[in-house]
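Enquirer:
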Amino acid sequence: MSRQPAADLHARLAGARQPVHTVYGGAHLFRADTARRLGERAQAVLAEHAPDGASLAAALAAAPAAAPAAAPASTPGRPPEAAGEAELAERVYARVVEKLRVEPVEDFRIDFEDGYGPRPDEEEDGHARSAAREVARGHAEGTLPPFVGLRIKPLTAELGPRSLRTLELFVTTLVEETGGELPAGFVVTLPKVNQPSEVEILVDALEGLEERMGLAGRSSAGPVLPLELMVETPSSVFTADGSVALPALVAAAGGRCRGAHLGTYDYTASLGITAAEQRMDHPVCDFAKHVMQVALAETGVWLSDGATNVLPVGPRDTVHAAWRLHARHVRHSLVGGFYQGWDLHPAQLPSRFATVYRFFLEAAAAAGERLRGFVEQAARATLSGDVFDDAATGQGLLNFFLRATACGALDAEEARRLSGLTPGELAGRSFPAILAARRSGAPGAP
């Protein structure tokens with residue numbers, strides 16, 4: 030299988046933070062302060078339905094897979110494991126509350142597709158311009174999430190002209206309003222991709238916009254207008270002759286492809302799965318994600334899982350049941366190596382962040398012990414407790430701490446203390462480089 034050569038965009042992304050989620054919302058509803066308002070609504074739901082760590086952990090049916098780091102001594106009448114779980118639950122809760130206050134949305138996609146629907150051309154023209162003006166205002170006021178973009182309609186014969194018009198109106202209005210700037214992390218999402226020619230059409234449109242708006246050559250780190258692909262059809266996984274389709278789709282992007290997202294419900298529907306069984310952890314979705322991982326490994330393309338469509342809306346029992354389902358889906362994604370997914374409603378933000386934080390906090394102490402021992406043994410095979418580690422493990426352990434820090438599960442000092450690595454070693458993101466520096470006694474190695 031041929032690989033798309035790593036482009037400048039992917040070299041930049043290799044050192045960048047991947048968001049843990051993408052929140053989708055209809056373009057007609059987007060405002061400059063949408064992320065803040067979603068955070069406020071999420072905080073209200075959390076306070077109403079889970080006012081403390083114990084109630085949130087119970088609502089999510091959370092149970093630790095490993096003893097948390099630095100568990101406090103047990104109190105009289107309470108076993109040590111109960112004390113440790115209580116402390117972990119409060120740590121998770123405090124971080125969720127802070128996250129919802131400071132950065133409730135990491136990535137937002139202004140949707141002109143399923144979340145927007147078919148509308149008269151004049152109406153969509155107006156929303157393309159108004160949404161772009163709101164992005165420009167958010168950019169000026171500092172209220173945008175770290176990543177933001179728009180999802181256009183599919184580039185089919187029927188919808189392609191409408192889709193490209195929306196793209197052009199949005200980007201030209203945005204650039205005019207900002208005086209020639211684009212928000213950091215901006216991206217264009219292409220849904221329901223079937224063949225490379227659709228990706229090529231989008232690339233041509235993006236190149237033309239960059240040229241006309243004076244954006245071409247603005248960045249030496251990669252294209253100013255990157256794109257991401259949605260895997261929602263069987264033909265975006267395998268071609269008619271049985272070949273894996275994804276490498277050709279990414280290659281058609283010419284180095285612009287930032288990510289590939291699984292569209293759970295379109296994909297399962299296309300395979301004849303009944304509506305009652307369409308869910309993120311269905312075996313057909315796991316199969317598609319495994320293909321995505323193998324096909325796009327080492328390309329620098331970020332992978333994202335789909336969404337849970339059962340929303341936490343209504344009385345407490347209903348909210349808790351939806352939170353438990355969402356938490357199960359998010360954890361299933363994390364265990365499978367998909368560290369990003371979709372969220373559709375502000376009430377899903379507490380369960381998203383709580384599950385992500387618990388996933389990393391549960392394992393942080395054990396991962397740190399293994400990483401410290403492995404580094405001290407200079408990457409020779411080691412036995413940490415009953416876990417055998419060999420040379421392939423080092424980068425994986427380092428990546429654990431990089432992701433845990435990037436998402437806010439651990440702060441920089443906790444990552445340093447648990448991993449035994451210096452801030453410079455963590456920032457370097459390379460396990461072989463850490464070993465080489467320590468063997469040579471380079472500055473910064475402890």
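Just so we're aligned, residue 30 is where the sequence shown starts under the working numbering, counting upward by one.
Where is the CB? At the ideal position from N, CA and C, for every residue including glycine.
Quantities reported herein were computed from a predicted structural model and do not represent experimental measurements.
Assign His374 to buried or exposed, taking buried as 16 or more other Cβ atoms, counted over all protein chains shown, within 10 Å of its Cβ.
Expert: When all chains shown are included, His374 counts as buried.
Enquirer: Below 8 Å, can you find three or more Cβ-Cβ pairs linking the stretch 353 to 364 to the stretch 390 to 398?
Expert: Contact fails: fewer than three Cβ-Cβ distances are below 8 Å.
Enquirer: Hey, which unbroken runs of the beta strand (DSSP E) at 3 residues or more fall wholly within the stretch 271 to 331?
Expert: 286 to 291
Enquirer: For the alpha helix (DSSP H) that contains Glu442, what are its first and last residues?
Expert: 441 to 448
Enquirer: Does Phe215 come out as helix, strand or coil in the three-state DSSP assignment?
Expert: strand
Enquirer: Thr337: which of Arg46, Thr51, Pro212 sits nearest, CA to CA?
Expert: Looking at the Cα atoms, Thr51 is the closest of the given residues.
Enquirer: So, under 8 Å CB-CB, Ala277 and Ser265 are touching, yes? Tell me the CB distance rounded to an integer number of Å.
Expert: Their Cβ separation, rounded to whole angstroms, is 10 Å, which puts Ala277 and Ser265 out of contact at 8 Å.
Enquirer: Between the C-alpha atoms of Phe137 and Glu114, what's the straight-line distance to the nearest angstrom?
Expert: Phe137 and Glu114: Cα-Cα distance of roughly 33 Å.
Enquirer: Given a threshold of 16 other Cβ atoms within 10 Å of its Cβ, counted over all protein chains shown, does Glu152 qualify as buried or as exposed?
Expert: exposed
Enquirer: Between which residues of its own chain and Lys128 is the CB-CB distance below 7 Å, once the five residues before and five after are set aside?
Expert: Phe382, Gly437
Enquirer: Indicate whether Leu256 and Arg287 have their beta-carbon atoms separated by less than 8 Å.
Expert: yes
Enquirer: What residue does the alpha helix (DSSP H) around Glu163 start on, and which one ends it?
Expert: 150 to 170
Enquirer: Would you check if the stretch 209 to 222 and the stretch 164 to 180 touch, i.e. whether three or more CB-CB distances between them fall below 8 Å?
Expert: yes
Enquirer: Which same chain residues, not among the five before or five after Gly457, have their C-beta less than 6 Å away from its C-beta?
Expert: none
Enquirer: Excluding the 5 residues flanking Ser459 on each side, which residues of the same chain have their C-beta closer than 6 Å to its C-beta?
Expert: none
Enquirer: List the endpoints of the continuous beta strand (DSSP E) containing Val52.
Expert: 50 to 55
Enquirer: Could you check where the alpha helix (DSSP H) with Glu205 kicks off and where it finishes?
Expert: For Glu205, the enclosing alpha helix (DSSP H) begins and ends at 189 to 207.
Enquirer: Can you list, in chain order, the residues of its chain with a C-beta nearer than 6 Å to that of His290? Leave out the 5 residues immediately preceding and following it.
Expert: Met259, Ser333
Enquirer: Helix, strand or coil for Val222 per DSSP?
Expert: Correct three-state label for Val222: coil.
Enquirer: List the endpoints of the continuous beta strand (DSSP E) containing Arg46.
Expert: First-last for Arg46: undefined, no H or E at that position.
Enquirer: Would you identify the three-state DSSP class for Ile139, choosing helix, strand or coil?
Expert: strand
Enquirer: Could you pull the start and end residues of the alpha helix (DSSP H) that Phe176 belongs to?
Expert: Not the alpha helix (DSSP H): Phe176 falls in the beta strand (DSSP E), residues 176 to 180.
Enquirer: Assign Ala35 to one of three DSSP states: helix, strand, or coil.
Expert: Interpretation of Ala35 is limited by its pLDDT of 41, a score under 50 that renders its predicted location unreliable; no figure is taken from the coordinates.
Enquirer: Check the DSSP bridge columns for Glu495 and list the partner residues they point to.
Expert: Outside the modelled stretch of the chain, which goes from 30 to 475, sits residue 495, for which no answer is possible.
Enquirer: Restricting to Cα atoms, I'd like to know which of Val339, Glu327, His319, Asp315 is closest to Ala6.
Expert: In the structure as shown, the chain begins at 30 and stops at 475. Residue 6 is therefore absent and cannot be evaluated.
Enquirer: Out of curiosity, what's the CA-to-CA distance linking Met309 and Tyr386?
Expert: 20 Å
Enquirer: In whole angstroms, what separates the C-alpha of Asp140 from that of Ala56?
Expert: Each residue's alpha carbon lies about 5 Å from the other.
Enquirer: Report the partner residues of Glu257 according to the DSSP bridge assignment.
Expert: Thr218, Gly288
Enquirer: If you draw a straight line from the C-alpha of Leu67 to the C-alpha of Ala465, how long is it?
Expert: 46 Å
Enquirer: Tell me whether Ala161 is buried or exposed, calling it buried when 16 or more other Cβ atoms sit within 10 Å of its Cβ.
Expert: buried
Enquirer: Sorted by chain position, which residues of the same chain lie with C-beta nearer than 7 Å to Phe59's C-beta, five sequence neighbours on each side aside?
Expert: Ile139, Ala160, Glu163
Enquirer: Which of helix, strand or coil does DSSP assign to Gly68?
Expert: helix
Enquirer: Applying the criterion that 16 or more other CB atoms from any shown protein chain within 10 Å of the CB defines a buried residue, is Ala444 buried or exposed?
Expert: Label assigned to Ala444: buried.
Enquirer: Thinking just about the alpha-carbon of each residue, which of Gly366, Asp154, Glu69 is nearest to the one in Val126?
Expert: Glu69
Enquirer: Ignore the nearest five residues each way along the sequence and tell me which others in Phe199's own chain have a CB closer than 7 Å to its CB.
Expert: Ala157, Ala160, Ala161, Leu179
Enquirer: Per the DSSP calculation, Trp371 is bridged to which residue(s)?
Expert: Residue pairing by DSSP places Trp371 opposite Thr51 in a beta bridge.
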